[in-house]
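Input: a single structure, listed below in structure tokens.
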Amino acid sequence: MSDTDDAGADDPVPGRLNSAVRDHDAVADDPEDGRLVVTSTPFDGRIAAAETDDGRIAFEVTVAVPTIAAVAEDEVADVVVDGWLDTFERRIDAIGDVTAAGHDLAPAVERDGDRVVVTASLRDLNERRGLNDAVAVVDFVEGTYVQGVIPGYEYGEPVSGLIGRARAAGGSDGY
Numbered sequence: 018m019s020d021t022d023d024a025g026a027d028d029p030v031p032g033r034l035n036s037a038v039r040d041h042d043a044v045a046d047d048p049e050d051g052r053l054v055v056t057s058t059p060f061d062g063r064i065a066a067a068e069t070d071d072g073r074i075a076f077e078v079t080v081a082v083p084t085i086a087a088v089a090e091d092e093v094a095d096v097v098v099d100g101w102l103d104t105f106e107r108r109i110d111a112i113g114d115v116t117a118a119g120h121d122l123a124p125a126v127e128r129d130g131d132r133v134v135v136t137a138s139l140r141d142l143n144e145r146r147g148l149n150d151a152v153a154v155v156d157f158v159e160g161t162y163v164q165g166v167i168p169g170y171e172y173g174e175p176v177s178g179l180i181g182r183a184r185a186a187g188g189s190d191g192y
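Residue numbers (my numbering): 18 to 192.
Following this line, the structure appears as structure tokens:
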């Protein structure tokens, strides 16, 4: 966020965003990390926020998810992992209208060992709407990940928990 002002080195959250963070049930301030942690997902979803020179708040959203091979109990062939990653990337690129403000999102997807890191940036004048939109990006990544779970494998956490919650919500015992 190169066009940001230093909005207080001790507080990673811009002052006008503090009440929105306190009121939001899916985020918590992480003073050690300097970013907000999204608590509604088992994945590592974080949001950096800073005020910009034009009065907007810039949100940098980062979500780290495990590769399919990292959570599968069974061996997963490299070709399957590569296909899974390709499909995941395409689905993330189709992020579309996940935000209330209709931000033009251009997410990046990069593999980092056994993790895949998704980043997206957005800016908004309205701190509450911007924060909600940043969390919506994290939720979209989680939903996209769950869509890409390949049937036929046994999975460990967090995938087994996500599948269990989805089954309970859908009233289904199967995929």
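By construction, the Cβ of each residue, glycine as well, lies at the ideal position given by its N, Cα and C atoms.
Small disclaimer: the values here were computed from a predicted structure and weren't measured.
Secondary-structure assignment with DSSP links F76 through a beta bridge to A66 and L139. Judged by DSSP secondary structure, R128 falls within the beta strand (DSSP E) whose first and last residues are A125 to D129. For the set A75, R184 and F105, the Cα lying nearest the Cα of R132 is the one of F105.
Per DSSP, D46 is one residue of the beta strand (DSSP E) stretching across V44 to D47. By the neighbour-count criterion, in which 16 or more other beta carbons inside 10 Å mark a residue as buried, P168 falls on the exposed side. Straight through space, the alpha carbons of N35 and G72 are spaced by roughly 16 Å. By the neighbour-count criterion, in which a residue is buried when 16 or more other Cβ atoms sit within 10 angstroms of its Cβ, R33 is exposed. Between the C-alpha atoms of F60 and A153 there is a straight-line separation of about 14 Å. For S177 and D70, the gap between their C-alpha atoms comes out near 44 Å. Counting only residues of its own chain and dropping the five nearest sequence neighbours on each side, I112 has a CB closer than 8 Å to the CB of L122, P124, A137, V154 and F157.
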